[in-house]
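Remarks on the structure that follows.
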Amino acid sequence: MDYSIKSDKKLIESCVCDYNCNTKRFIQNFNNWTSGNNDIDKFIQNTQLSEHTYKVKNALEWIPYDRLDDIKYVADYKSGKMYRARWTDGCISDNSWNTSITLEFINKIAVSHKVYGITQDQETKNYMVVLKDICEKCKIMCNSMYFQQNFNNWTSGNNDINKFIQNTQLSEHTYYKVKNALEWIPYDRLYDIEYITDDDKFGKVYRANWADGCIWYWNKINKNWKRKDQNMFVILKILNNSASITLELINKV
Ligand SMILES: [Zn+2]
Ligand SMILES: [Zn+2]
Numbered sequence: 231m232d233y234s235i236k237s238d239k240k241l242i243e244s245c246v247c248d249y250n251c252n253t254k255r256f257i258q259n260f261n262n263w264t265s266g267n268n269d270i271d272k273f274i275q276n277t278q279l280s281e282h283t284y285k286v287k288n289a290l291e292w293i294p295y296d297r298l299d300d301i302k303y304v305a306d307y308k309s310g311k312m313y314r315a316r317w318t319d320g321c322i323s324d325n326s327w328n329t330s331i332t333l334e335f336i337n338k339i340a341v342s343h344k345v346y347g348i349t350q351d352q353e354t355k356n357y358m359v360v361l362k363d364i365c366e367k368c369k370i371m372c373n374s375m376y377f378q379q380n381f382n383n384w385t386s387g388n389n390d391i392n393k394f395i396q397n398t399q400l401s402e403h404t405y406y407k408v409k410n411a412l413e414w415i416p417y418d419r420l421y422d423i424e425y426i427t428d429d430d431k432f433g434k435v436y437r438a439n440w441a442d443g444c445i446w447y448w449n450k451i452n453k454n455w456k457r458k459d460q461n462m463f464v465i466l467k468i469l470n471n472s473a474s475i476t477l478e479l480i481n482k483v
């Protein structure tokens with residue numbers, strides 16, 4: 231989609247649809263929103279005036295800032311700061327957004343990202359583009375993104391262990407079944423913990439039941455991991471020196 235500005239008069243005249251196309255619907259709604267900035271209003275309206283479709287494909291919309299919550303800073307890019315937020319009204323997935331807003335920027339970003347609309351931070355007054363959240367490597371949502379969105383919802387209490395687990399999750403560029411990522415398992419999710427034997431390398435070995443079972447795939451509707459093998463038997467080995475956990479060690483286990 232080329233978000234270039236054409237005269238809206240021409241665009242309305244160019245409607246040859248014999249049904250109530252989205253362009254017509256958008257025009258009826260022009261008076262019900264404003265970005266507070268004439269250029270941005272025009273810009274969004276122009277994308278809507280080209281939407282002679284039944285299902286909306288490319289039109290942008292004005293997204294009121296208070297429809298976004300859980301806003302978290304992600305990274306600094308040449309084009310501006312990037313944040314991740316939850317969009318209450320929703321398209322299907324979560325969205326990230328970016329500060330600078332120029333036509334060039336939107337055109338550039340529209341090559342690889344689905345662009346939903348524009349919003350304004352009520353405090354800084356910055357206009358921001360609202361994009362679909364995707365993995366920069368996979369160009370679609372992958373499991374590493376779902377893990378990343380969840381980083382603030384758990385901690386092992388040890389920075390090295392957090393980093394180690396997070397790294398395994400960030401490498402999980404898979405699309406359906408999770409293959410190799412580790413997770414932090416709260417101790418109270420394990421029960422019937424029973425001593426089995428002494429191992430030369432690890433010391434005491436235990437057996438337990440894991441109530442939740444292991445991560446299977448991302449459930450897009452619940453926005454949580456679908457798990458399998460609830461109450462499965464697992465083996466517990468003690469990590470004597472937590473700082474020295476390496477992938478090699480985990481592989482040996
Ligand atoms: Zn039309
Ligand atoms: Zn990926």
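Mapping of the sequence shown onto my numbering: residues 231 to 483, in sequence order.
Note that the Cβ used here is the ideal one computed from N, Cα and C, for glycine as well.
Exercise for review: Could you tell me if G347 is buried or exposed, where buried requires 16 or more neighbouring beta carbons within 10 angstroms of its beta carbon?
Suggested key: Here residue 347 refers to the residue found at position 117 of the sequence shown. Of the other Cβ atoms in all chains shown, 16 or more fall within 10 Å of the Cβ of G347; this residue is therefore buried.
Could you check whether the Cβ of T253 sits closer than 7 Å to any heavy atom belonging to ligand 1? On the sequence shown, position 23 is the one that residue 253 refers to. Checking the Cβ of T253 against ligand 1 gives yes.
Taking only heavy atoms of ligand 2 into account, decide whether any of them is closer than 7 Å to the Cβ of K393. By one-based count along the sequence shown, residue 393 stands at place 163. No, the beta carbon of K393 sits no closer than 7 Å to any heavy atom of ligand 2.
| query | C372: buried (16+ other C-beta within 10 angstroms of its C-beta) or exposed? | reply | On the sequence shown, residue 372 is found 142 positions in, with the first residue counted as 1. By the neighbour-count rule (16 or more Cβ atoms within 10 Å), C372 is buried.
*Environment of V426 [buried if 16+ CB atoms lie within 10 Å]*: Position 196 of the sequence shown, counting from 1, holds the residue named residue 426. It is worth fixing the name first, because residue 426 is Ile in this sequence and not Val. The residue in question, I426, is exposed, as its Cβ has fewer than 16 Cβ neighbours within 10 Å.
Taking the continuous beta strand (DSSP E) assigned at N452, which residues delimit it? Your numbering for residue 452 matches position 222 in the sequence shown. First-last for N452: undefined, no H or E at that position.
Item checked: Contact test: C245 Cβ vs ligand 2 heavy atom, cutoff 7 Å -> Here residue 245 refers to the residue found at position 15 when the sequence shown is read from its first residue. Not so, every heavy atom of ligand 2 lies at least 7 Å from the Cβ.
Ligand 1 heavy atom lying under 7 Å from the CB of H403: Within the sequence shown, residue 403 is the residue found at index 173, counting from 1. Flag unset: Cβ of H403 not near ligand 1.
Return the CA-CA distance between D269 and N250, expressed in angstroms with no decimal places. Residue numbering aside, residue 269 sits at position 39 when the sequence shown is read from its first letter. Residue numbering aside, residue 250 sits at position 20 when the sequence shown is read from its first letter. Rounded to whole angstroms, D269 to N250 spans 27 Å at the Cα level.
message: Only counting the same chain, and skipping five residues up and downstream in sequence, which positions put a Cβ closer than 6 Å to that of Q399?
response: The sequence position of residue 399 within the sequence shown is 169, counting from 1. Same-chain partners within the cutoff: F377 and A411.
Taking 7 Å as the cut-off, is the C-beta of K367 nearer than that to any heavy atom in ligand 2? Counted from its first residue, the sequence shown places residue 367 at position 137. K367 Cβ: within cutoff of ligand 2.
Alpha helix (DSSP H) runs contained entirely in the region 349-408, provided each spans 4 or more residues: Counting only runs of 4+ residues, the alpha helix (DSSP H) found wholly inside the region 349-408 occupies 373-379 and 389-400, in chain order.
| message | Here's the rule I'm using: 16 or more other beta-carbon atoms within 10 Å means buried, otherwise exposed. How should W455 be labelled? | response | Locating residue 455 in the sequence shown gives position 225, where the first residue counts as 1. Classification of W455: buried, given that the 10 Å Cβ count is 16 or more.
request  = Would you decide whether W384 is buried or exposed? Buried here means 16 or more other CB atoms lie within 10 Å of its CB.
outcome  = Reading the sequence shown from its first residue, position 154 is the one you call residue 384. Exposed is the call here.
- Query: For Y284, which of helix, strand or coil comes out of DSSP?
  - Reply: Translated into the one-based positions of the sequence shown, residue 284 becomes position 54. Coil at Y284, not helix or strand.
Worksheet item: If we count the other Cβ atoms within 10 Å of its Cβ and call it buried at 16 or more, is A315 buried or exposed?
Response: Working through the sequence shown from its first residue, we reach residue 315 at position 85. So A315 ends up on the buried side.
Residues bridged to G433 [DSSP beta-bridge criterion]
By one-based count along the sequence shown, residue 433 stands at place 203. According to DSSP, which records beta bridges pairwise, G433 is partnered with D429.
N- and C-terminal bounds of the alpha helix (DSSP H) containing K254 = To locate residue 254, count along the sequence shown from 1; it is residue 24. Where K254 is concerned, the enclosing alpha helix (DSSP H) stretches over N252 to Q258.
Exposure label - F463; buried when at least 16 CB within 10 Å:
Position 233 of the sequence shown holds residue 463. Exposed, because fewer than 16 other Cβ atoms sit within 10 Å of the Cβ of F463.
* Asked: From this set, N267, K393, Q258 and I465, which residue's C-alpha is nearest M358's C-alpha?
  -> The residue given as residue 358 occupies position 128 in the sequence shown. Residue N267 is the option with its Cα nearest to M358.
| Is the beta carbon of D428 sitting closer than 8 Å to the one on K434? | Translated into positions along the sequence shown, residue 428 becomes position 198. Translated into positions along the sequence shown, residue 434 becomes position 204. The criterion of a C-beta distance shorter than 8 Å is satisfied by D428 and K434.
Notebook entry, point to check: Hey, would you say the C-beta of S265 is under 7 Å away from at least one heavy atom of ligand 2?
Noted result: The residue you call residue 265 lines up with position 35 of the sequence shown. No - ligand 2 has no heavy atom lying nearer than 7 Å to the Cβ of S265.
| For N461, which of helix, strand or coil comes out of DSSP? | In the sequence shown, counting from the first residue as 1, residue 461 sits at position 231. Secondary structure at N461: coil, using DSSP grouped into helix, strand and coil.
| request: Starting from the Cα of L466, find the closest Cα among Y447, R419 and N452 and give me that residue. | output: Within the sequence shown, residue 466 is the residue found at index 236, counting from 1. When each option's Cα is compared against that of L466, the closest is R419.
Requested in this report: Going by DSSP, name the residue or residues bridged to E424.
Outcome: Sequence index remark: in the sequence shown, residue 424 carries index 194 (1-based). R437.
Using a Cβ-Cβ cutoff of less than 8 Å, which residues in the same chain neighbour A305 once the five nearest sequence positions on both sides are dropped? Indexing the sequence shown from 1 puts residue 305 at position 75. These residues qualify, in order along the chain: K311 and M312.
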